[in-house]
Amino acid sequence: MAQRRTRSSTNRSTGYGGLDRRRLSAWGEQHREIAITTLRRMLQQPLSTLMTVAAVAIALALPAALVVALDNVKRLGGDWQRSATVSVFLGSRVDEAQAAQLRQRLAQLPEVDTVELISRAEGLSEFRDYSGLSSALDQLTENPLPVVLELQLYPAALEPEQLEPFIDRIEQLPEVDFLREDARWAQRFQAILALLRAGVSLLALLLGLGVLLVIGNSIRLEIENRRDEIRIMGLVGATARFARRRFLYIGAWYGLFGGALAAVLVTLMVWLLAAQAAPLEALYHRTFDIQGLGPTGLGALLLGSSLLGIAGSWIAVGRHLDLCDDR
Numbered sequence: 002m003a004q005r006r007t008r009s010s011t012n013r014s015t016g017y018g019g020l021d022r023r024r025l026s027a028w029g030e031q032h033r034e035i036a037i038t039t040l041r042r043m044l045q046q047p048l049s050t051l052m053t054v055a056a057v058a059i060a061l062a063l064p065a066a067l068v069v070a071l072d073n074v075k076r077l078g079g080d081w082q083r084s085a086t087v088s089v090f091l092g093s094r095v096d097e098a099q100a101a102q103l104r105q106r107l108a109q110l111p112e113v114d115t116v117e118l119i120s121r122a123e124g125l126s127e128f129r130d131y132s133g134l135s136s137a138l139d140q141l142t143e144n145p146l147p148v149v150l151e152l153q154l155y156p157a158a159l160e161p162e163q164l165e166p167f168i169d170r171i172e173q174l175p176e177v178d179f180l181r182e183d184a185r186w187a188q189r190f191q192a193i194l195a196l197l198r199a200g201v202s203l204l205a206l207l208l209g210l211g212v213l214l215v216i217g218n219s220i221r222l223e224i225e226n227r228r229d230e231i232r233i234m235g236l237v238g239a240t241a242r243f244a245r246r247r248f249l250y251i252g253a254w255y256g257l258f259g260g261a262l263a264a265v266l267v268t269l270m271v272w273l274l275a276a277q278a279a280p281l282e283a284l285y286h287r288t289f290d291i292q293g294l295g296p297t298g299l300g301a302l303l304l305g306s307s308l309l310g311i312a313g314s315w316i317a318v319g320r321h322l323d324l325c326d327d328r
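Using my numbering, read the sequence shown as starting at 2 and increasing by one per residue.
Right, dumping it as structure tokens:
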């Protein structure tokens, strides 16, 4: 009976998959203690900690700021799906009834999503609003503007091998006078953004390697300063894993604090740019809402910086930590 009770008590203390809950709790408590101890030790050396965190933050702030800038340029440029248009200016002899028939024909093309007809009166009204020449336009005896068809294209039609033949077919229609190919500008701008995004990715990779070197060098110095302490830990039975864990936490703290400071720097830059956007808003008569990292960007920056800190610390520990074999 006593043996059965002992086995039953042991089974109750064992969690899912045979993992001892007490060991799991002790493991979590050990990690929490190491995290607090390493953070307290770093705060006791504010100058060296601040210098390392600042170097990491500057290295991370540059690519983060460039990513924010590219996102704002893309957003301010408008939705490129809506900008994928071809403006078809019809001949002066084409009336609105004929333009409506042509609109129905063009709407059946596989490259075209929607077709909007802009009448002569609507075109003149829009030109009056944007040109500021209302007094001069009042002197006109007839409307000189043609009927315009705005063709909204599908994204697949923006590919050069599809857009060029489509433009040629539209130009050959007898009702068409000339075209304004806004879709080409969308193509070019998207290509420029893709090139800049690739450049930012390469820069982020190089600066990420710089963060690894900075944190790795700081961990190396920390190991050298605590060499005697590490050897004593090894003599009393500490394993290499136990000693390594402390330095990995230090690297994680460096990365996390560096990412947080980088986020503050990027937010400050966005705030300064937003304050200087007023003259541009006055020129274009619209509001430019410059956005920062956002919750997703902030989370990605903090997570990435922490992982870089752990990786840099792992490399330094693997090269410089001299302890007994892991048991």
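Backbone N, C-alpha and C fix where the C-beta goes; we use that ideal spot for every residue, glycine too. Computed from a predicted model, the values in this text were never measured in an experiment.
- Per DSSP, the beta-bridge partners of V116 are L152.
- For L107, the uninterrupted alpha helix (DSSP H) run begins and ends at 97-108, by DSSP.
- Relative to the Cα of A66, the nearest Cα in the group L110, G295, N218 belongs to G295.
- At a Cβ-Cβ threshold of 8 Å, V95 and E176 count as neighbours.
- Between I316 and L213, the C-beta spacing is below 8 Å.
- A buried status is given to V113, since no fewer than 16 other beta-carbon atoms sit within 10 Å of its beta-carbon.
- DSSP, reduced to helix, strand and coil, places R227 outside both helices and strands of the structure shown, so it counts as coil.
- G92 and D178 do touch by the CB rule: their CB atoms are close to 5 Å apart, below 8 Å.
- Looking at G293, L63, Y250, the one whose alpha-carbon comes closest to that of L207 is L63.
- Here G260 is buried: its Cβ has 16 or more other Cβ atoms, across all protein chains shown, within 10 Å.
- Bridge pairing for S88: E151, R181 [DSSP].
- With a 10 Å radius around the Cβ and a threshold of 16 neighbouring Cβ atoms, L103 comes out buried.
- Around the beta carbon of L61, a 10 Å sphere encloses 16 or more other beta carbons of the protein chains shown; the residue is thus reported as buried.
- Nearest to T86 by C-alpha distance, out of D72, N73, V68, T115, is T115.
- Close CB contacts of T50 within its chain, under the 6 Å cut and outside five residues either way in sequence, are with M43 (chain order).
- Taken atom to atom, the span from the alpha-carbon of Y155 to that of A101 is near 21 Å.
- In this structure, DSSP gives G305 a helical state, which the three-state scheme calls helix.
- By the neighbour-count definition (other C-beta atoms within 10 Å, threshold 16), S26 is an exposed residue.
- Contact between S314 and L269 does not hold, since their C-beta atoms are separated by about 28 Å, which reaches or exceeds 8 Å.
- A residue is called buried when at least 16 other Cβ atoms come within 10 angstroms of its Cβ; A199 does not meet this threshold and is exposed.
- By the CB criterion at 8 Å, V201 and L107 fall outside the cutoff.
- About 19 Å separates the beta carbon of L273 from that of A55, a gap too long to meet the 8 Å contact definition.
- C-alpha of L257 to C-alpha of L309: approximately 9 Å in a straight line.
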